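Peer 1: One structure, as structure tokens, below. Some questions next.
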Amino acid sequence: MNAQNEIQVTSHQLEVVKSMEGFVGEHLDSLLMKVEESWQPSDYLPDLTAENWIEQLTDFRKSAAALSDEVLVVLVGDMVTEEALPTYQTWLNRLQGVTDQTGASPSPWAQWSRGWTSEENRHGDLLNKYLYLTGRVDMRSVETTIHHLINNGFDPHTENDPYLGFVYTSFQERATKISHRNVGVLAKRAGEDHLHKICCMIAGDEARHEKAYKLFMAKIFELDPAKAVLAFAKMMKSKIAMPAMLMDDGKDKKLYSKFSLVAQKVGVYTAKDYAEIIGTLVSDWKVEGLTGISGASAKAQEYLCGLSERYLKLAERMSFSGVEKFSWLYDREIALTTIG
Ligand SMILES: [Fe+2]
Ligand SMILES: [Fe+2]
């Protein structure tokens, strides 16, 4: 571990996180689904063991044929993001005080980390199989993108600090919830009910995970408000980087920014959403009402309270244009014009 990263987290922070073990343990049952009660990817896919599997598959592919190229691109981007789960579990296990010491530790933090990972694992699995069965995208190019992404890794600038880490995950889970939900809306509009259902199920998990991370961070705000508000401001200043920003299909160096623009164009995840998420976190963690903080922490509080508004103004001015090709779609072109 990097020595510089070691000194970022104070012993007080470690004590706070350690002291939360009982709290996390008490909430595990409501924040994670029991395996027996969980959905699995095969619940939402054609049953290839059924006698009428050809009919099921034909119907499935017929409704998937209605999806636009834009929806396919955002869906591939979301799937690729989910498929880089090994990167995120590795990252979560680096957060100090949260680490799963043995790999099968009974500590509440370790149980959360494995429970979260196992639930998330179904997301990439389901979307990958869905896209494969639709026959609408170049799977080899998509798989190459996943391969590169996991190989490239991801640094969310959280410095192994659990405070920064839980601000990041609170933001990120809400962002993925919004993104999956909106792909579901577009699928429904296109008459593709399978994908609509799939996206709703995944967005439901993301919503529960968002609730969990926001709860952990709310507790940190309660136990250590001065440091918590500093961590929140620090993450916002360095901007929340999306976990798949190092995606690469081996050909196109601008792949991630092109995918982001398509998501912005069709309203799946936009600059306005970014601003809205900041506003939600500021309000959920009652940042405006924090008392008894001073100096840098008070300044961070002031900065955070006006931040969502500032990003909203920037979002209103956002515009782009052009036409881009995607290897995921056999190099078909998508117009990247601002809508609205
Ligand atoms: Fe997910
Ligand atoms: Fe998630």
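Heads up: the sequence shown runs through residues 2 to 341, numbered per my numbering.
In this text, a Cβ means the ideal position worked out from N, Cα and C, and glycines have one as well.
Since the structure is predicted, the reported quantities are computational estimates derived from the model, not experimental observations.
What residues in its chain sit with their C-beta under 6 Å from that of Ala213, if we drop five residues either side in the sequence?
Peer 2: Here the set comprises Leu32.
Peer 1: Quick one: complete alpha helix (DSSP H) runs, 4+ long, within the region 220-284?
Peer 2: Qualifying alpha helix (DSSP H) stretches, in chain order: 226-238, 256-266.
Peer 1: Can you list, in chain order, the residues of its chain whose CB lies under 6 Å from that of Tyr257, leaving out five sequence neighbours each side?
Peer 2: If we look at Tyr257 and ignore the five residues flanking it on each side, its Cβ neighbours are Met246, Met248.
Peer 1: For ligand 1, which residues count as neighbours when the test is a C-beta closer than 7 Å to any heavy atom?
Peer 2: Result: Glu83, Glu121, His124, Thr177, Ile203, Asp206, Glu207.
Peer 1: Going by C-alpha to C-alpha distance, which of Ala242, Leu216, Met236 sits closest to Met21?
Peer 2: Checking every option, the nearest Cα to that of Met21 belongs to Leu216.
Peer 1: If you draw a straight line from the alpha carbon of Thr271 to that of Leu150, how long is it in whole angstroms?
Peer 2: C-alpha separation (whole angstroms): 22 Å.
Peer 1: Tell me whether the region 153-168 and the region 182-199 touch, counting them as touching only if at least three CB pairs, one residue from each stretch, are closer than 8 Å.
Peer 2: Segments in contact, no.
Peer 1: For the alpha helix (DSSP H) containing Lys35, name the first residue and the last one.
Peer 2: Premise fails: Lys35 is in no alpha helix (DSSP H) and is neither H nor E.
Peer 1: Tell me, please, which residues DSSP counts as bridged to Glu334.
Peer 2: Partner(s): Lys326.
Peer 1: Given Gly194, which residues of its chain have a CB within under 8 Å of its CB, disregarding the five upstream and five downstream residues?
Peer 2: Checking the sequence shown, residue 194 turns out to be Asp, not Gly. Cβ neighbours of Asp194 beyond the five flanking positions: Ser64, Ala188.
Peer 1: Taking DSSP as the reference, what is the three-state secondary structure of Glu7?
Peer 2: Residue confidence is low: Glu7 scores 44 on pLDDT, short of 50, so the model does not pin down where it sits. Its coordinate-derived value is still stated next. If DSSP states are grouped into helix, strand and coil, Glu7 belongs with the helices.
Peer 1: In three-state DSSP terms, what is Val288?
Peer 2: It is coil, neither helix nor strand.
Peer 1: With hydrogens ignored, establish whether the beta-carbon of His210 is closer than 6 Å to any heavy atom of ligand 2.
Peer 2: Indeed, a heavy atom of ligand 2 lies less than 6 Å from the Cβ.
Peer 1: Taking the straight line between their C-alpha atoms, what separation do you get for Val143 and Arg137?
Peer 2: Near 12 Å, if we compare the C-alpha coordinates of Arg137 and Val143.
Peer 1: With DSSP run on the structure shown, which of helix, strand or coil describes Glu71?
Peer 2: Helix, per DSSP.
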